[in-house]
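K.L.:
If you scroll down you'll find the structure; I have some questions about it.
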Amino acid sequence: MSGLSIAVLHGASGDRPDEIDTLRTAETVAAALTRLGHAPTLVHLAPDMAALDRLAAAPPDLVFNLVEAVGGVAAPAAAIPARLARRGLAFTGCGARASRLCAEKPAMKRVLVRAGLPTPAWSMTRRGLPAGAPVIVKSTSEHASVGIDAGSVVAAEEAGAEIVRRQARFGGRFFAEAYVEGREFNLSLVEGPAGPELLPPAEILFEGFGAARPRIVDYEAKWIEGSHGFENTPRRFDFAPAEDALLDRLRALALAAWRAFDLDGYARVDFRVGEDGQPWILEVNTNPCLAPDAGLAAAAARAGLGHDALVGRIVAAARATPRKAA
Numbered sequence: 001m002s003g004l005s006i007a008v009l010h011g012a013s014g015d016r017p018d019e020i021d022t023l024r025t026a027e028t029v030a031a032a033l034t035r036l037g038h039a040p041t042l043v044h045l046a047p048d049m050a051a052l053d054r055l056a057a058a059p060p061d062l063v064f065n066l067v068e069a070v071g072g073v074a075a076p077a078a079a080i081p082a083r084l085a086r087r088g089l090a091f092t093g094c095g096a097r098a099s100r101l102c103a104e105k106p107a108m109k110r111v112l113v114r115a116g117l118p119t120p121a122w123s124m125t126r127r128g129l130p131a132g133a134p135v136i137v138k139s140t141s142e143h144a145s146v147g148i149d150a151g152s153v154v155a156a157e158e159a160g161a162e163i164v165r166r167q168a169r170f171g172g173r174f175f176a177e178a179y180v181e182g183r184e185f186n187l188s189l190v191e192g193p194a195g196p197e198l199l200p201p202a203e204i205l206f207e208g209f210g211a212a213r214p215r216i217v218d219y220e221a222k223w224i225e226g227s228h229g230f231e232n233t234p235r236r237f238d239f240a241p242a243e244d245a246l247l248d249r250l251r252a253l254a255l256a257a258w259r260a261f262d263l264d265g266y267a268r269v270d271f272r273v274g275e276d277g278q279p280w281i282l283e284v285n286t287n288p289c290l291a292p293d294a295g296l297a298a299a300a301a302r303a304g305l306g307h308d309a310l311v312g313r314i315v316a317a318a319r320a321t322p323r324k325a326a
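The opening position of the sequence shown corresponds to residue 1 in full-length UniProt numbering, with each subsequent residue numbered one higher.
Following this line, the structure appears as structure tokens:
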């Protein structure tokens with residue numbers, strides 16, 4: 001592939017750690033593209049979306065879509081693939097339909113249920129959740145663990161009040177999901193010439209978490225360097241042979257999720273595995289973080305695919321994928 005003009009599109013703004021990480025990732029991806037012989041340009045997307053019209057007026061060969069939020073809000077990011085497609089712009093990552101379906105977590109879970117894939121029970125209030133069981137209260141649309149902390153896990157009876165509290169504190173809509181006590185796994189996938197390719201499964205470990213602290217990857221664990229959560233949630237890729245059946249089940253579910261959402265480019269499927277060994281799909285993440293130390297890049301490195309090569313694979317997949325606006 002000869003050198004391409006590539007707009008590296010991001011919406012990073014403000015000083016929140018996840019927003020700073022997005023800007024750094026955009027810079028890192030641009031540097032990788034340069035090393036691969038392309039001509040990247042960083043393009044910031046503001047809430048007025050004017051940058052998209054400027055790109056349409058002078059189209060690059062490709063838009064590398066790294067928009068995770070616009071103006072600090074995740075919801076508008078889901079519409080970026082459709083906006084790019086309507087302007088006739090080629091772009092990386094998942095298309096319009098998958099981005100729309102995965103952006104709103106209750107809608108995503110409904111797709112999983114229709115596909116016969118296991119996902120924990122949920123409620124927009126607390127109805128239908130078993131009394132006395134723990135639930136986790138999460139944003140319907142924010143990602144990167146925004147709005148999640150140790151207080152997010154409550155008894156089902158408290159879910160309604162906790163939803164109201166978090167909506168007042170963080171804005172947007174929240175919902176309650178049955179909390180699965182157990183292990184956490186990530187399965188990353190990257191599109192290849194013959195379809196999706198599974199990267200090595202990763203397990204997130206919760207070291208030094210006492211009985212009173214829920215074993216979750218909350219905002220602190222994901223972003224606040226030096227915090228207990230950040231320093232004590234390493235990932236591992238080495239498993240005993242006795243785990244093979246479980247890992248095969250997770251791989252099969254990740255591929256089934258790829259098909260259910262018509263994913264392309266790259267994605268990550270997050271799982272909890274209950275104490276009874278039952279896997280549950282928590283989320284299907286379109287265009288997950290591409291920072292060199294994030295889960296996708298770590299899994300790619302484990303498979304022998306360095307960060308530059310991973311970026312190159314994503315570009316190649318985008319060039320081979322026709323795009324639709326919906």
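Even glycine gets a Cβ: it sits at the ideal position worked out from N, Cα and C.
The structure presented is a predicted model; accordingly, all values stated were derived computationally and were not measured.
1) Apply the 10 Å Cβ neighbour rule to Ser145 and answer buried if 16 or more other Cβ atoms are within range, or exposed otherwise.
2) Tell me the DSSP secondary structure of Ser13 in three-state form.
3) Could you tell me the distance, in whole angstroms, from the CA atom of Val135 to the CA atom of Tyr179?
4) Excluding the five sequence neighbours on either side, which residues of its own chain have a C-beta within less than 8 Å of the C-beta of Pro118, listed in chain order?
5) Looking at the structure shown, is Tyr179 part of a helix, part of a strand, or coil, going by DSSP?
6) For Asp244 and Gly192, what's the separation of their Cα atoms in angstroms?
7) Could you tell me the alpha carbon to alpha carbon distance between Phe174 and Gly3, rounded to whole angstroms?
8) Output needed for Glu207: all residues of its chain with C-beta closer than 8 Å, excluding positions within five of it in sequence on either side, in chain order.
9) Are the CB atoms of Leu189 and Pro196 nearer to each other than 8 Å?
10) Taking only the alpha-carbon atoms, compute the straight-line gap between Leu52 and Ala90 and give it to the nearest angstrom.
11) Closest to Arg313 by C-alpha separation, out of Gly93, Ala58, Ile163, would be which residue?
12) Name, in chain order, the residues that DSSP records as bridge partners for Lys138.
13) Alpha carbon to alpha carbon, how far is Trp223 from His10? Give it in angstroms, no decimals.
P.N.:
Let me lay it out:
1) Your numbering for residue 145 matches position 145 in the sequence shown. Counting Cβ neighbours within 10 Å, Ser145 comes out buried, since at least 16 surround it.
2) As a working mapping, residue 13 is identified with position 13 in the sequence shown. Correct three-state label for Ser13: coil.
3) Locating residue 135 in the sequence shown gives position 135, where the first residue counts as 1. Locating residue 179 in the sequence shown gives position 179, where the first residue counts as 1. Each residue's Cα considered, the two are about 4 Å apart.
4) Position 118 of the sequence shown holds residue 118. These residues qualify, in order along the chain: Leu112, Leu253, Gln278, Pro279, Trp280, Ile281.
5) Mapped onto the sequence shown, residue 179 falls at position 179. In this structure, Tyr179 counts as coil in the three-state DSSP scheme.
6) The residue you call residue 244 lines up with position 244 of the sequence shown. The residue you call residue 192 lines up with position 192 of the sequence shown. Each residue's alpha carbon lies about 24 Å from the other.
7) Counting from 1 along the sequence shown, the entry for residue 174 is found at position 174. Counting from 1 along the sequence shown, the entry for residue 3 is found at position 3. Each residue's alpha carbon lies about 44 Å from the other.
8) Mapped onto the sequence shown, residue 207 falls at position 207. Answer for Glu207: Asn232, Thr233, Pro234, listed in chain order.
9) Counting from one through the sequence shown, the residue named residue 189 turns up at place 189. Counting from one through the sequence shown, the residue named residue 196 turns up at place 196. In this structure, Pro196 lies closer than 8 Å to Leu189 by Cβ.
10) Mapped onto the sequence shown, residue 52 falls at position 52. Mapped onto the sequence shown, residue 90 falls at position 90. Taking the straight line from one Cα to the other gives about 12 Å.
11) Taking the sequence shown and counting its residues from 1, the one referred to as residue 313 is at position 313. The candidate whose alpha carbon is nearest that of Arg313 is Gly93.
12) One-based indexing of the sequence shown puts residue 138 at position 138. For Lys138, which the question treats as bridged, DSSP gives the partners Phe175.
13) The residue you call residue 10 lines up with position 10 of the sequence shown. The residue you call residue 223 lines up with position 223 of the sequence shown. Spanning the two alpha carbons is a distance of roughly 19 Å.
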